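Numbering (the numbering used here), first residue to last: 12 to 211. Quick reminder that beta carbons are idealized off the backbone N, C-alpha and C, glycines included. The model shown is predicted, which means the values in this text are computed figures rather than measured ones. One structure is given here, and the rest of the page talks about it.
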């Protein structure tokens, strides 16, 4: 009888130790995940400063060059919409880690899909805006005939500028997009590893 009681106490102590170990592992995993995803939160919050400042710079440049202010206005509208969407598709708040891991995993997967949709819309709009900006920079000083004259140097200079600017824009967008997707993949893998070890 005493041996049975001792065995029960040992099993109880073992279960308590395992539960404590699982709690520690969960807290450690959440800490690591928060560190990995912290740059996403900083990125979205930085847009709240970058977008208004960029708008004012573009507006000042437009006024100094005598080009349409709609460049700055359209930039602000598009960037503001993109920032609002980023709060849902990019940001991972601290409250998300207080939910169960299944909900967090589901959110990470949904974010990845919505980011791709956002990229498919925002990239063409960014390129169109960039071409519009370059054209507005040149048109006040040159006629449309000069721009469309393929035998003249102006056409090729403008074409090279458009290609370079578009390539840089696409490169930056794709780099940030892939880094965001990679971060989500790492977080999903961490959750899967935790759940598989927890089920053992």
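- Message: Quick check: what's the CA-CA separation for residue 131 versus residue 184?
- Response: Taking the chain shown and counting its residues from 1, the one referred to as residue 131 is at position 120. Taking the chain shown and counting its residues from 1, the one referred to as residue 184 is at position 173. When rounded, the distance between both Cα atoms is 11 Å.
- Message: Determine whether the beta carbon atoms of residue 194 and residue 47 lie at a separation below 8 Å.
- Response: Sequence index remark: in the chain shown, residue 194 carries index 183 (1-based). Sequence index remark: in the chain shown, residue 47 carries index 36 (1-based). Yes. Within cutoff.
- Message: Taking its Cβ as the centre, do 16 or more other Cβ atoms sit within 10 Å of residue 220, making it buried, or is it exposed?
- Response: Shown here, the chain extends from 12 to 211; a query on residue 220 therefore has no answer.
- Given a threshold of 16 other Cβ atoms within 10 Å of its Cβ, counted over all protein chains shown, does residue 58 qualify as buried or as exposed? Position 47 of the chain shown holds residue 58. Answer is buried; the Cβ neighbour count reaches 16.
- Where residue 182 falls: helix, strand or coil (DSSP): Here residue 182 refers to the residue found at position 171 when the chain shown is read from its first residue. Here residue 182 sits in helix by DSSP.
- Message: By the three-class DSSP mapping on this structure, what secondary structure does residue 101 have?
- Response: The residue labelled residue 101 in the question sits at position 90 within the chain shown. It is coil, neither helix nor strand.
- If you follow the alpha helix (DSSP H) that residue 135 is part of, which residue opens it and which one closes it? Your numbering for residue 135 matches position 124 in the chain shown. It spans 112–149 - the alpha helix (DSSP H) in which residue 135 sits, taken as one unbroken run.
- Cβ neighbours of residue 85 in the same chain (closer than 7 Å, five flanking residues each side left out): In the chain shown, counting from the first residue as 1, residue 85 sits at position 74. Same-chain partners within the cutoff: 140.
- Task: Assuming residue 125 and residue 94 form a contact by the criterion Cβ under 8 Å, report the distance between their Cβ atoms to the nearest whole angstrom.
- Result: For the purposes of this step, residue 125 is taken as the residue at position 114 of the chain shown. For the purposes of this step, residue 94 is taken as the residue at position 83 of the chain shown. Incorrect: roughly 14 Å between the Cβ atoms, too far for contact.
- Give the secondary structure of residue 42 by DSSP, where H, G and I count as helix, E and B as strand, and everything else as coil. Taking the first residue of the chain shown as position 1, residue 42 is located at position 31. Three-state result, residue 42: helix.
- Going by the CB atoms, is the gap between residue 206 and residue 123 shorter than 8 Å? Position 112 of the chain shown holds residue 123. Position 195 of the chain shown holds residue 206. Not in contact: residue 123 and residue 206 (Cβ atoms no closer than 8 Å).
- Determine, using beta carbons only, whether residue 98 comes closer than 8 Å to chain B. Here there is only one protein chain, and chain B is not present.
- Query: What is the DSSP secondary structure of residue 80, counted as helix, strand or coil?
  - Reply: Taking the chain shown and counting its residues from 1, one reaches residue 80 at position 69. Coil at residue 80, not helix or strand.
- Query: Taking Cβ to Cβ, would you say residue 62 is nearer than 8 Å to residue 87?
  - Reply: Translated into positions along the chain shown, residue 62 becomes position 51. Translated into positions along the chain shown, residue 87 becomes position 76. Their beta carbons are under 8 Å apart, which means residue 62 touches residue 87 by this criterion.
- Message: By alpha-carbon positions, which one of 199, 143, 188 and 179 ends up nearest to residue 80?
- Response: Translated into positions along the chain shown, residue 80 becomes position 69. The shortest Cα separation from residue 80 among 199, 143, 188 and 179 belongs to 143.
- Query: If you count every other CB in all the chains shown that lies within 10 Å of the CB of residue 51, and 16 or more means buried, which is it?
  - Reply: Locating residue 51 in the chain shown gives position 40, counting from the first residue. The residue is buried, with at least 16 neighbouring Cβ atoms inside 10 Å.
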